[in-house]
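Going down the list, the sequences are from chains A and B. Residue numbering for the first sequence is 1 to 442, as defined by my numbering. Residue numbering for the second sequence is 1 to 133, as defined by my numbering.
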Amino acid sequence: MIEIISILIHFFIIMIFCYAPTSICLLLKNNNNPDILNRLEIGIVLNLFILLVLSFILRSGSNIIYYILIIIFFNNFLFLLMDMFKKYKNKNLRINYIFVFLILLFFIFAIDLANNLRIGWDAQNYWLAKKLVFTNGGDFFDLKNTPRDDYPYLGSFVWHIYSKFSLLGYEYFGRLFYLFLFLLSIFSIASIIKIKTFEKIILIFILVFLIYKVELFNGYQEILNFSLLILLTKIFYEILTEKLPIKKFNNKFIYLFILINSIIWIKSESTVLIMIFLLSIFLIKEINFKIKILMTLVFIFLILNKFYIFSFIDLSHEIQKGNYEYFQISNFFDFVNFSRVILITKYIFFYSLDNVVFLITMISLFIMKKYDKGNKFILPFSSMFILGLSFFILAFLLTSFPLKWVLWLAMDRIIFETSGMYIILVPLFYDFLKRKKIFNNI
Amino acid sequence: MTMSKNKQKNIFKTIIIITLFLITIKQTDFFKKTYFTLTRSYDYRLVNSYEFCGKESIGFLDYIKTNFNINYKLPIINYADSPNSSWYFDNLKKKNTNKIIFLNYNKNTNSSKDLEAYKIIYKHNDCYYLEKK
């Protein structure tokens with residue numbers, strides 16, 4: 001019974017850590033009347049950023065960052081109480097059914113996770129090893145002694161923090177944060193279009209049904225990339241639907257960069273995924289050239305910052321160490337040849353069929369491209385899709401490992417994490433169908 | 001008339017949401033797993049998520065830890081192509097020891113020299129708890 005109560009309490013612990021006060025919502029998203037999900041969506045990104053910064057100042061044997069986190073927790077809790085009191089005073093305190101729905105789904109899936117404690121292969125070898133560095137009182141200087149020191153560590157650090165800040169201290173409580181982030185990203189992407197609560201719940205159910213499987217939370221980091229890419233496309237959508245053309249740098253860009261910074265600290269390939277995202281949004285004419293240059297410069301700064309910190313703590317800079325070591329210009333055609341391209345294409349095709357969300361988003365994109373020509377999101381998302389495919393092909397084509405083995409092992413995961421960029425097309429497609437009054441005839 | 005139509009609509013929506021919830025509960029075996037969470041300890045569920053002796057062999061490690069009162073980290077050599085399970089002992093203190101664990105050690109394929117240097121304390125299939133001779 002204690003464990004079940006602890007799971008429920010853990011939801012509220014994560015929620016309070018990720019609670020953003022009204023002033024922050026107003027500052028970062030111009031939202032002066034945020035609901036609980038808006039607050040959590042902003043708060044979770046800030047929380048990841050704060051945890052990343054705290055991981056830099058964490059030192060072996062020192063507890064200072066944990067005290068800082070306790071202060072943040074009580075500070076946020078105070079804001080939560082104040083906001084609730086204000087609403088109560090204004091007779092505006094009502095049940096948010098979508099939030100209740102979030103708690104229920106979290107609880108159901110948390111129980112599922114509590115009974116599937118097996119940690120995945122790579123997760124045991126790499127991500128858990130990094131988490132244990134922090135659990136055993138180490139700091140980020142000790143990460144150089146872990147396998148695959150070229151991998152970033154934010155996901156492992158978050159895993160450690162949330163298992164430490166749980167009532168029972170079990171390892172999987174850290175992974176419950178991954179579940180929380182996943183659900184929150186699905187809930188927030190379903191709210192980009194104006195629909196009734198009932199429709200929203202159905203849309204969330206469909207998305208969750210299509211994506212959820214307990215293995216996503218076995219310690220692999222793809223679920224974090226997937227969820228954060230969803231939040232990234234959402235903020236991009238919000239920026240673009242607000243006011244066009246975009247000539248000025250507003251505070252939403254700060255939120256966007258905080259988010260990008262967190263993503264590049266999750267996995268090595270995250271940087272490439274962000275590059276694909278940025279290249280695609282640069283195709284939008286309505287974004288001023290100066291803004292594009294500024295975004296590029298900030299992105300370069302974030303990459304250099306990561307590079308500097310990796311050097312400072314003596315971690316390897318190679319992307320996917322060992323994976324591309326035998327590739328040279330002299331043996332170019334050993335790697336880039338027709339049979340390898342065909343093999344990769346086959347795997348992309350069949351693994352895409354396996355990923356229902358990927359399939360639905362592609363069909364949505366295709367239909368909207370044909371029948372919704374005025375939609376300004378089609379071009380960047382088509383570009384993301386093409387660049388994403390090119391990335392899959394190139395990443396596997398140049399690998400030094402046996403191709404079939406790598407494809408079998410990694411293709412489904414890479415397709416899954418990339419699909420986070422396209423999932424926004426599902427609510428957009430639903431909106432398109434509503435605009436075309438398709439449902440009126442049903 | 002409109003009131004009753006609205007009421008009917010609301011009932012219909014509620015039924016759909018409840019049905020979807022029931023499907024989710026069924027799909028995840030929610031009640032069975034809630035029962036297991038209530039009646040089985042975390043360690044029991046963790047050990048049972050892995051094979052006893054095979055791949056990570058967490059069951060074997062747990063058996064050794066419990067039955068031989070191990071409160072320090074034991075070196076582990078895993079001969080199978082699977083992750084190193086030393087993380088299972090991670091919350092224990094470091095200590096110099098002449099004991100070692102071989103997991104998935106196959107006499108036919110692995111060098112017998114490895115095993116000859118040790119005295120077998122406990123063995124289960126291809127998993128060995130050993131002490132240096």
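Just so it is clear, CB atoms sit at the ideal spot from N, CA and C, and this is done for glycine as well.
From the beta-carbon of methionine 1 of chain A, the residues of chain B found nearer than 7 Å are Leu38. Separation of phenylalanine 333 of chain A and lysine 306 of chain A (C-alpha to C-alpha, rounded to the nearest whole angstrom) is 33 Å. Counting of Cβ neighbours within 10 angstroms places aspartate 354 of chain A among the exposed residues, the total staying below 16. Between leucine 176 of chain A and alanine 123 of chain A a beta carbon distance of about 15 Å is seen, past the 8 Å cut, so the two are scored as non-contacting. By the Cβ neighbour-count rule, valine 100 of chain A is exposed, with fewer than 16 other Cβ atoms within 10 Å of its own. For tyrosine 42 of chain B, a Cβ of chain A is located within less than 9 Å of the residue's own Cβ. Neighbours of tryptophan 121 of chain A in chain B, taken as residues at a C-beta separation under 8 Å, are given in chain order as Ser82, Pro83. Annotated as distal: isoleucine 284 of chain A and tyrosine 162 of chain A, with beta-carbon spacing of 9 Å or more. The beta carbon of serine 49 of chain B sits closer than 9 Å to some beta carbon of chain A. At a cut-off of 9 Å, the C-beta of lysine 95 of chain B has no neighbouring C-beta in chain A.
Rounded to whole angstroms, the Cβ separation of isoleucine 276 of chain A and phenylalanine 391 of chain A is 6 Å, and the two are in contact under 8 Å. The residue among A:Met368, A:Leu54, A:Val406, A:Ser419 with its C-alpha nearest the C-alpha of lysine 436 of chain A is A:Met368. For glutamate 199 of chain A, the enclosing alpha helix (DSSP H) stretches over residues 197-211. Boundaries of the alpha helix (DSSP H) harbouring lysine 32 of chain B: 30-39, taken from the DSSP string. In the DSSP assignment, lysine 123 of chain B falls outside any alpha helix (DSSP H) and within the unbroken beta strand (DSSP E) covering 118-124. Scanning the segment 31-95 of chain B for uninterrupted alpha helix (DSSP H) segments of 4 residues or longer gives 42-48, 58-67, listed from N- to C-terminal end.
For the set A:Ile274, A:Ile65, A:Ala20, the Cα lying nearest the Cα of methionine 295 of chain A is the one of A:Ile274.
Contact annotation: leucine 231 of chain A and glutamate 222 of chain A have beta-carbon atoms that are not nearer than 9 Å.
The beta-carbon of aspartate 29 of chain B is placed less than 9 Å from the nearest beta-carbon of chain A.
The beta carbons of serine 262 of chain A and phenylalanine 49 of chain A sit about 6 Å from each other, so the pair counts as a contact at 8 Å. Using beta-carbon distances, phenylalanine 52 of chain B does not count as an interface residue toward chain A, since no partner is under 9 Å.
Considered as a whole, the segment 27-111 of chain A harbours 36-57, 64-89 as its complete alpha helix (DSSP H) runs of no fewer than 4 residues, in chain order.
For isoleucine 254 of chain A, the uninterrupted alpha helix (DSSP H) run begins and ends at 251-264, by DSSP. Take the alpha-carbon of phenylalanine 182 of chain A and the one of alanine 117 of chain B: they are about 50 Å apart. Against lysine 33 of chain B, the close residues of chain A are Ile111, Asp112, Ala114, Asn115, in the order they occur along the chain (beta-carbon pairs closer than 8 Å). By the Cβ-count criterion, glycine 388 of chain A is buried, with 16 or more other Cβ atoms from all chains shown falling within 10 Å of its own Cβ. If you draw a 10 Å sphere on the C-beta of arginine 45 of chain B, you find 16 or more other C-beta atoms in it, and that means buried. By the neighbour-count definition (other C-beta atoms within 10 Å, threshold 16), lysine 131 of chain A is a buried residue. Against aspartate 90 of chain B, the close residues of chain A are Leu132, Thr135, Asn136, in the order they occur along the chain (beta-carbon pairs closer than 8 Å). Taken through DSSP and simplified to helix, strand or coil, tyrosine 326 of chain A comes out as coil. Serine 62 of chain A is classed as exposed because its beta carbon has fewer than 16 other beta carbons within 10 Å across all chains shown. Comparing alpha-carbon positions, the option among B:Tyr88, B:Asp90, B:Tyr129 lying closest to asparagine 98 of chain B turns out to be B:Tyr129. Residue pairing by DSSP places phenylalanine 102 of chain B opposite B:Ile77, B:Tyr128 in a beta bridge. Per DSSP, the continuous alpha helix (DSSP H) segment holding leucine 397 of chain A begins and ends at 378-397.
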